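Numbering follows my numbering, in which position 50 of the sequence shown is assigned residue number 50; successive positions increment by one, without gaps. Ideal placement from N, C-alpha and C gives every residue a C-beta, glycine not left out. All values reported here derive from a predicted model rather than from experimental measurement. Taking it in order: structure first as structure tokens, then the write-up.
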Amino acid sequence: MYYPITAAPFRKNSGYTEVEPCALLRPYVRCFWGTSAPFDGGTSMQDCGLVIPDTCMDIIFHVDHTENRINGSFCALDDRSSLTLNEEAGTAGTSVFAIRFYAWAAFLFTENSFSGSKNGRFSIDEFFPEIKKQLEPLLFEAGSLTDKVHAAEKVLLKNIHTERSSPDLMNAVHYMISMNGKAKISDLTSCTAVSERRLERLFDRYTGTSPKNLCGLIRYQMLWRDILFDSSFDPSDAVEKYGYFDQAHMLNDFRRRHMMNPKEAVSLAKKYADVGFLQYKDLLSVL
1 MYYPITAAPF RKNSGYTEVE PCALLRPYVR CFWGTSAPFD GGTSMQDCGL
51 VIPDTCMDII FHVDHTENRI NGSFCALDDR SSLTLNEEAG TAGTSVFAIR
101 FYAWAAFLFT ENSFSGSKNG RFSIDEFFPE IKKQLEPLLF EAGSLTDKVH
151 AAEKVLLKNI HTERSSPDLM NAVHYMISMN GKAKISDLTS CTAVSERRLE
201 RLFDRYTGTS PKNLCGLIRY QMLWRDILFD SSFDPSDAVE KYGYFDQAHM
251 LNDFRRRHMM NPKEAVSLAK KYADVGFLQY KDLLSVL
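So, in structure tokens, the structure goes:
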């Protein structure tokens, strides 16, 4: 039903590669991603990108193979765009490995509330101490990105707690997606038979944001997929499909989320497919 994408879904190079999870983890993990090899100190470290709201949360490990140490961080749900450089990952000899959860599924792997975490970056220990403890030693032993994925899958399957799932939350998210992200809070309370106040508390605890905000992010993501992949995309039809007042409202909302208009966004996504790596000045020229 729902498959969020990045600003550059065609991107695949030594600095960034996505790997699909196994079938058992697919409802919870959007993908694993990372470097196919340690940074060499050359071009791969200068690769840059636009990070857009993808309705996901990421655990990111920076593995320093020279110093034999790992630094990591947890990126909570983001509702704003930002620019990133791979050189932030570390020096030559450093590789990156990350787990990207759907925002409404990450709570199955932690005992902590995500309340107040929106747009935040935290220590992995703060939310996922067991996953960090069990996975970090395996990342040193894993030789390839595929090996790291297999190691991570085993750790995640041992640490998933489906008993923490909230049927009310999941029913509300399902309804949001089925309605292309244009559901109103009154619709959500009707379909879940849960009060608005309780829904607000559930979403705050399990996703770090409100139902209204998450619904808007889902709508933006579904619109972005249509813009990029639907060859017959028609703005007028999209206005009705996604519940915008008019085309201006839709374009303004997209620009607010994506930092550029749809034409520029498509151009950037295709440019990654052509050149593999982008220099910072190239990205700024699009913006």
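Quick check on the burial criterion: 16 or more other C-beta atoms within 10 angstroms. Buried or exposed for residue i?
| i | result |
| --- | --- |
| ARG219 | buried |
| ALA8 | buried |
| ALA89 | Interpretation of ALA89 is limited by its pLDDT of 46, a score under 50 that renders its predicted location unreliable; no figure is taken from the coordinates. |
| MET1 | exposed |
| GLN221 | buried |
| THR146 | exposed |
| ARG26 | exposed |
| SER267 | exposed |
| ARG257 | buried |
| HIS249 | exposed |
| LEU24 | exposed |
| GLY15 | buried |
| MET45 | Reliability fails at MET45, whose pLDDT of 47 lies under 50, so the model's placement of it is uncertain and no value is given. |
| CYS31 | buried |
| ARG197 | exposed |
| ASP125 | exposed |
| TYR242 | buried |
| TYR3 | exposed |
| LYS132 | buried |
| LEU157 | exposed |
| PRO21 | buried |
| TYR244 | buried |
| ALA142 | buried |
| ALA183 | buried |
| ALA273 | exposed |
When you compare each of the options to residue i by their alpha carbons, which one comes out closest?
| i | options | result |
| --- | --- | --- |
| VAL29 | ALA37, PRO38, ALA193, VAL19 | VAL19 |
| LYS270 | SER190, LEU228, GLU136 | LEU228 |
| HIS161 | THR94, GLU130, ALA98 | GLU130 |
| ILE60 | ALA98, GLY93, LEU50, LEU268 | ALA98 |
| SER73 | PHE107, ALA106, ARG121 | ARG121 |
| PHE203 | LEU223, MET170, SER232, LYS184 | MET170 |
| PHE101 | ALA37, ASP54, ASP58, PHE245 | ASP58 |
| LEU50 | THR6, ALA248, ARG198, LYS182 | THR6 |
| GLU240 | LEU223, SER231, ASN252, ASP230 | LEU223 |
| LEU108 | GLU141, ARG205, SER144, ASN119 | ARG205 |
| VAL96 | GLU136, PHE127, ALA106 | GLU136 |
| LYS118 | CYS56, TYR3, SER186, ALA37 | CYS56 |
| GLU163 | SER144, THR110, ALA238 | THR110 |
| GLY116 | ALA105, LEU139, CYS75 | CYS75 |
| SER36 | ARG11, CYS22, ALA273 | ARG11 |
| ASP54 | SER232, ASN112, ALA103 | ALA103 |
| SER144 | PRO38, PHE245, PHE254, MET260 | PRO38 |
| THR84 | ILE52, LEU157, THR66 | ILE52 |
| PHE140 | PHE127, THR189, ASN68 | ASN68 |
| ASN159 | ASP237, PHE127, LEU188 | PHE127 |
| PHE254 | SER231, ASP230, ASP226 | ASP226 |
| SER195 | ALA273, ALA172, MET260 | ALA172 |
| PHE114 | THR207, ASP230, SER232, ASN13 | THR207 |
| ASN71 | ASN112, ALA105, SER123, ALA106 | SER123 |
| PRO167 | ASN112, ALA105, ALA183 | ALA105 |
Determine which residues share a DSSP beta bridge with residue i and list them.
| i | result |
| --- | --- |
| GLY120 | None; GLY120 has no bridge partner. |
| LEU50 | LEU83 |
| THR17 | GLY34 |
| PHE101 | VAL29, MET57 |
| ARG69 | ASP64 |
| PHE74 | ILE59, PHE122 |
| THR94 | ASP64 |
List the whole-angstrom C-beta distance separating residue i from residue j, where the pair is believed to meet the contact cut-off of C-beta under 8 angstroms.
| i | j | result |
| --- | --- | --- |
| GLY34 | ASP64 | No, GLY34 and ASP64 are not in contact; Cβ-Cβ is about 14 angstroms, not under 8 angstroms. |
| THR209 | LEU199 | Not a contact, Cβ separation roughly 12 angstroms. |
| PRO235 | GLN247 | 5 angstroms |
Examine the Cβ distances between the segment 144-155 and the segment 166-178 and report whether three or more of them are shorter than 8 angstroms. Result no; under three Cβ-Cβ pairs closer than 8 angstroms.
For the pair the segment 60-80 and the segment 204-214, tell me if three or more CB-CB distances fall below 8 angstroms. The answer is yes - the segment 204-214 touches the segment 60-80, with three or more Cβ pairs under 8 angstroms.
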